[in-house]
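Undergrad:
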Amino acid sequence: MLARKLRIPAADAARLIEALQRKDVIGAAGDDGAHPVLVPAEGAAAVLDQLRRTGDPVTAALRTDDPDPTVTAGAADVVQEPTSEEAEGLETDEDTAEPMDPAAARGLVADWLRHRHATGNKPFTASDPELTIVRKKTGNGRTWTYNVLRELTAIGVLKDSRSGGSNKTWTVVDLSPLDEDRELVPA
-12 MLARKLRIPA ADAARLIEAL QRKDVIGAAG DDGAHPVLVP AEGAAAVLDQ
38 LRRTGDPVTA ALRTDDPDPT VTAGAADVVQ EPTSEEAEGL ETDEDTAEPM
88 DPAAARGLVA DWLRHRHATG NKPFTASDPE LTIVRKKTGN GRTWTYNVLR
138 ELTAIGVLKD SRSGGSNKTW TVVDLSPLDE DRELVPA
């Protein structure tokens, strides 16, 4: 539970527990697995100061002082919407453009496959960096990518296989269906 609470690896949490036991901050685990706290609440600040000075492994996990201890929140508190200035600081650089026309988007994927085939690139996954760039240019999500790859597999352009477990890979096998005047039909 400590590892989840502090968002650290389990091995680090175990070392923290051991160090806290050595410093007599917590006791040995009881039948229920809980470690009793041996330091009274009134003495906690002094123990923290002492631990920070000693350089114990616990020190690495102790957080810095709260920059604004007057700001508190509980589970029942209402979450306040950010101000417009705060909201501007929370915006990402991700392109929020409308998705490209479906035919043009599929054409971009087809062009990428032709380029990939011409350069002799081997099998790829849906998370291939070049394919991810193409997907982002189209303004579509990962589900769209999988649907297009499924369509291209159905018409014989690609062959899919599983490599080393759960990763699905695709290989370009025949580009001629891309050259025909046919519209891809969603699978």
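Residue numbering for the sequence shown follows the working numbering, beginning at -12 and increasing consecutively.
Here a beta-carbon is modelled for each residue, glycine too, at the ideal position from N, C-alpha and C.
On a predicted model such as this, the values are computed, not experimentally measured, just so you know.
(1) Using the C-alpha atoms, what's the distance from D18 back to L7?
(2) Does the distance from the C-beta atom of V58 to that of L100 stay below 8 Å?
(3) Starting from the C-beta of L25, find all residues in its chain whose C-beta is less than 8 Å away, skip the five residues before and the five after it, and write them out in chain order.
(4) Just tell me which of L145, L162, L38 and P86 has its CA closest to the CA of A105.
(5) Would you kindly report the start and end of the unbroken beta strand (DSSP E) that includes N154?
(6) Select from A92, T132 and Q67 the residue whose C-alpha is nearest the C-alpha of F111.
(7) Does S148 come out as helix, strand or coil in the three-state DSSP assignment?
(8) Please list the terminal residues of the continuous alpha helix (DSSP H) segment that includes E68.
TA: Judging by the given coordinates:
(1) 19 Å
(2) no
(3) D11, V12, I13 and G14
(4) L162
(5) N154 to V159
(6) T132
(7) strand
(8) Per DSSP, E68 belongs to no alpha helix (DSSP H) and is neither H nor E.
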